[in-house]
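J.: In the working numbering, each residue's number is its place in the sequence shown (first place is 1) plus 21.
Before I ask anything, let me first share the structure, which is written out below as structure tokens.
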Amino acid sequence: MFVGPQESLVVLLIILLLFGSSKVPEFARSLGKAKSEFKKGLDEEK
């Protein structure tokens, strides 16, 4: 299932409304760290 640009924009707007503009950068940083840790874990399995 592919998520298009319109769906991504809607999700981003909902996140912005729920968390407010001050929490969004912290949230994005946490997602980036989680993604890198996940990739590192996958690389260790190989």
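Built from N, CA and C at the ideal position, the CB exists for glycine as well.
Let me know the secondary structure DSSP gives Gly41 once reduced to three states.
T.: The answer is coil: DSSP assigns Gly41 none of H, G, I, E or B.
J.: So, with DSSP's three-state summary, where would you put Gly23?
T.: Sequence check: residue 23 is Phe here, not Gly. Of the three classes helix, strand and coil, the one that applies to Phe23 here is coil, per DSSP.
J.: Our contact map puts Phe48 next to Phe40 with C-beta atoms below 8 Å; I'd like the distance itself, whole angstroms only.
T.: Indeed, because the Cβ distance is near 6 Å, the residues count as touching under 8 Å.
J.: Tell me the rounded alpha-carbon separation between Val45 and Leu37.
T.: Each residue's Cα considered, the two are about 7 Å apart.
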